[in-house]
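Numbering (this note's numbering), first residue to last: 1 to 84.
In this text, a Cβ means the ideal position worked out from N, Cα and C, and glycines have one as well.
Notes to accompany the following structure.
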């Protein structure tokens with residue numbers, strides 16, 4: 001019974017995180033937004049990488065995702081795939 005509860009809880013956490021990766025939130029992104037504003041909108045990113053003041057963060061998975069590129073703390077580009 002305990003394992004079943006753990007699996008259910010994990011499933012809810014995953015669905016809640018993916019729930020913000022949608023067309024509605026993508027439409028709210030704009031160039032010049034701060035990282036904090038993007039994270040307030042989309043939550044914590046799935047992964048980030050970068051160097052020399054440039055960075056890129058992704059929310060979602062391989063099928064449905066939003067990708068945001070930053071220069072310093074500001075959005076310079078963003079793209080998406082598979083949003084509903």
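Next item on the list: Give the C-beta separation of residue 65 and residue 82 to the nearest angstrom, bearing in mind that I take them to be a contact with Cβ-Cβ under 8 Å.
Entry: In the chain shown, residue 65 corresponds to position 65, counting from 1. In the chain shown, residue 82 corresponds to position 82, counting from 1. Rounded, the Cβ-Cβ distance is 7 Å, consistent with contact.
Check: Measuring CB to CB, does residue 79 end up less than 9 Å from residue 70?
Finding: Mapped onto the chain shown, residue 79 falls at position 79. Mapped onto the chain shown, residue 70 falls at position 70. In this structure, residue 70 does not lie closer than 9 Å to residue 79 by Cβ.
Checklist line | residue 42 beta carbon less than 9 Å from that of residue 21 | finding: Here the question's residue 21 lines up with position 21 in the chain shown. Here the question's residue 42 lines up with position 42 in the chain shown. In this structure, residue 42 lies closer than 9 Å to residue 21 by Cβ.
Checklist line | Local conformation of residue 21 per DSSP, three classes | finding: In the chain shown, the residue the question calls residue 21 occupies position 21. The answer is coil: DSSP assigns residue 21 none of H, G, I, E or B.
Next item on the list: Name the residue from 84, 29 and 67 whose alpha carbon lies nearest to the alpha carbon of residue 46.
Entry: As a position in the chain shown, residue 46 is number 46, starting the count at 1. Out of 84, 29 and 67, the CA that lies nearest to the CA of residue 46 is found in 67.
Next item on the list: Would you mind stating whether residue 73 and residue 34 have Cβ atoms separated by less than 9 Å?
Entry: By one-based count along the chain shown, residue 73 stands at place 73. By one-based count along the chain shown, residue 34 stands at place 34. Yes; because the gap between Cβ atoms is below 9 Å, this pair is in contact.
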